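> My questions will all concern the structure given below.
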Amino acid sequence: GHKGDNLDRYLMGRQFMVIFINFTISLCGSPLEGASVLGLPQWVSDIFLGSGIAMVLTNVNIGQLTAQVNASHCMLDYINTHFMTFTLYATLFIEATGFMHVCYLIRDLVHVAAGKTYESQEPPKTGLTWFFHWGRVLFSMAVLGFCLAVTIEAILNGQTTMWDSVPGWAAVIIFFVLISIVGLLEAMQIAFFAVAKFKKEDRGDHPMARRTCNLLFKNGGRNLPGFMVGRQVTVTLIFFVAARATTLNIKVGEDDNIFGVSDALQEFFNLGFLGAILTTILGSISWQLVASAFPIAFLSNPVVYLMLNFVLLIEATGICAASWFFGTIHKKIAGFQLDEVYVGTAEERAAGGKPDTSMHPGRDFSMGTNVLVAPSDWENAIKNLEPVPETFSQQRERILSNIKSMKEMMADAPEEEKSTFAAGIEAEVKFLQKLNEEEAAEGDASAPVKDIEAA
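Numbering (our numbering), first residue to last: 4 to 458.
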């Protein structure tokens, strides 16, 4: 995934998959006209069904945020499955088709405008590689222009699934405003994860960038997954509205086909691919590529700070609090650990060290997620998530460390508190004696006696 420029390729393919799936869910979950559910009043059905809010919340809580609240801090454990490998190859294939290569042109133009050169992780493209790359860029430009022409024509003619009460010209304006907001939120996600790897002093000197980072990493880092929650609700809601604005609703054989195309091509247009490509290029990937290249400069924008407060406010309403509950269950079952357990903090990495402790004694660097297993092995797979029992030596080390710490604290404690520490030391010594008796029953008892005398 990190070989060469594969990370950028993954972002591009992944985003198209996400947007197309959201568009598909929007179409599958759109209620029929006059539909009634659970005998609810019409005004309740209009709010939750007609507007798409019910489908948005279901999609966000179960399909997206449950994973994201864990993946934001447990990235290494989360990608430790074969399905993630499959997803990576699927996204790389989508990127290789070239439908969204115009994003690379936009990225290069932004670098030129900033007076910088894009630093690729791969050798310069030459010969057939150069021709193949720029050929796909030209192909992508043509696809983008065609998608824009078809979509705008359909919106103005009222031939999309947009609500009838919204006039065509207003729908066009709403669409471009919404994809700009989506682009900003997508870029914020990339920039935030980029600065999460920086040391505090490397997060720029701009006051607004500092202010944004301070808010983001406030509350012990909880605001980062909190941002993911509020952002995902906002983005998914916009995707559902964008799907209505861009998905063609032309009855083949009855209505006039857009630009007079064949019935087969019109059927293809009606699937929503054009809107997904438009939203991916103009409202997502182009913004992400720019933010990944200039994360600190991006965070210096006051609009980013305002939008961060807005999405945190959405998260604070509790509208998607269920995702935290589901995420906690998911984390417990999978045995996820924080990334710092494996790689340390940015400061610890800079100092050449990293933590060597784990939530599972004796399994300090075991990744949490296991590969898929057959149902007959589920009991063993779940048992593997249990902490490994401490050895006699590990238990003794822990007890002696506790005794040493209490002795040091007792030396500086007031007279009225020393009896409390003395009682604690006496209890630890009893635990040590019991441990020595258990070990003596299994073998050599000579070494532990010295430990009691030392204690």
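Ideal Cβ positions, reconstructed from N, Cα and C, are used throughout, including at glycine. Small disclaimer: the values here were computed from a predicted structure and weren't measured.
#1: For Thr27, name the three-state secondary structure that DSSP assigns.
#2: Quick one: is Thr154 buried, meaning 16 or more other Cβ sit within 10 Å of its Cβ, or exposed?
#3: I'd like to check one pair, Glu343 with Gly229: are the Cβ atoms closer than 7 Å?
#4: Tell me whether the segment 324 to 344 and the segment 145 to 154 touch, counting them as touching only if at least three CB pairs, one residue from each stretch, are closer than 8 Å.
#5: Just how far apart, CA to CA, sit Asp80 and Phe195?
#6: Roughly how many whole angstroms lie between the Cα atoms of Ala174 and Leu311?
#7: Compute the beta-carbon to beta-carbon distance between Glu189 and Ser287, rounded to the nearest angstrom, for a pair I have assumed lies under 8 Å.
#8: Thinking just about the alpha-carbon of each residue, which of Gln192, Gly138, Val232 is nearest to the one in Gly330?
#9: Look up Thr163 in the DSSP assignment and give the residues it is bridged to.
#10: Does the segment 396 to 406 come within contact of the segment 418 to 426, defined as at least 3 CB pairs closer than 8 Å?
#11: Determine the contact status of Arg139 and Leu292, defining contact as a CB-CB distance below 7 Å.
#12: What separation, rounded to the nearest whole angstrom, lies between the Cα atoms of Phe368 and Tyr345?
#13: Taking only the alpha-carbon atoms, compute the straight-line gap between Ile158 and Trp133 and give it to the nearest angstrom.
#14: Have a look at Thr90, Ser183, Leu181, Arg247 and flag the residue whose alpha-carbon is nearest the alpha-carbon of Thr27.
#15: Helix, strand or coil for Pro228? Go by DSSP, reduced to three states.
#16: Over the uninterrupted alpha helix (DSSP H) stretch that includes His114, give me the two end residues.
#17: When the distance is taken between beta carbons, is Val307 closer than 7 Å to Thr215?
#18: Does DSSP classify Gly130 as helix, strand or coil?
#19: How big is the Cα-Cα spacing for Asn280 and Gln45?
#20: So what does DSSP say about Ala279, is it helix, strand or coil?
#21: Assign Cys150 to one of three DSSP states: helix, strand, or coil.
#22: Just to confirm my understanding: we take Leu108, look at its own chain, exclude 5 residues before and 5 after, and list those with CB closer than 6 Å. What are they?
#23: Whole angstroms are fine: how far does the CA of Phe301 sit from the CA of Lys221?
#24: On the criterion of 16 or more Cβ atoms from any shown chain inside 10 Å, does Gly130 qualify as buried, or is it exposed?
#25: Beta-carbon separation of Glu125 and Arg12 under 7 Å?
#26: For Ser396, does the three-state DSSP call read helix, strand or coil?
#27: Hey, could you find the ends of the alpha helix (DSSP H) Thr61 is sitting in?
#28: Taking only the alpha-carbon atoms, compute the straight-line gap between Ala245 and His333 and give it to the nearest angstrom.
#29: Buried or exposed: Gly371, going by 16 or more other Cβ atoms within 10 Å of its Cβ?
#30: One question on the structure: do Arg17 and Thr94 come within less than 7 Å of each other, judged by their Cβ atoms?
#31: Between Asp8 and Phe135, what straight-line distance do the alpha-carbon atoms span, to the nearest angstrom?
#32: Select from Phe96, Ala152, Val169, Leu309 the residue whose C-alpha is nearest the C-alpha of Phe272.
#33: How many Å lie between Val169 and Ile176 at the Cα?
#34: For Gly338, does the three-state DSSP call read helix, strand or coil?
#35: Would you mind sorting His104 into buried or exposed? The rule is 16 or more other CB atoms within 10 Å of its CB.
#36: Measuring alpha carbon to alpha carbon, tell me which of Thr88, Phe142, His85 ends up nearest Cys106.
With the given structure in hand:
#1: helix
#2: Thr154 is buried by the Cβ-count criterion.
#3: Between Gly229 and Glu343, the C-beta spacing is not below 7 Å.
#4: no
#5: One alpha carbon belongs to Asp80, the other to Phe195, and they sit about 20 Å apart.
#6: 26 Å
#7: 5 Å
#8: Val232
#9: Leu251
#10: Not touching, per the Cβ criterion.
#11: no
#12: Its pLDDT being 47, under 50, Phe368 is placed unreliably in this model, and the value from its coordinates should be taken loosely. Looking at the two C-alpha atoms, the distance is approximately 6 Å.
#13: 37 Å
#14: Arg247
#15: helix
#16: 105 to 116
#17: It is a contact, given that the beta carbons lie within the stated cut-off.
#18: helix
#19: For clarity, residue 280 is Ile in the given sequence; the question names Asn instead. Approximately 35 Å, taken between the alpha carbons.
#20: helix
#21: In this structure, Cys150 counts as helix in the three-state DSSP scheme.
#22: Val140
#23: 19 Å
#24: exposed
#25: In this structure, the beta-carbon distance from Glu125 to Arg12 does not fall below 7 Å.
#26: helix
#27: Annotation for Thr61: the continuous alpha helix (DSSP H) segment containing it runs 56 to 61.
#28: For Ala245 and His333, the distance between alpha carbons rounds to 31 Å.
#29: Residue confidence is low: Gly371 scores 48 on pLDDT, short of 50, so the model does not pin down where it sits. Its coordinate-derived value is still stated next. Its Cβ being crowded by 16 or more others within 10 Å, Gly371 is buried.
#30: Yes, they are a contact pair.
#31: 16 Å
#32: Of the listed residues, the one whose Cα sits closest to Phe272 is Ala152.
#33: 11 Å
#34: coil
#35: It is buried - the Cβ of His104 has at least 16 other Cβ atoms within 10 Å.
#36: Phe142
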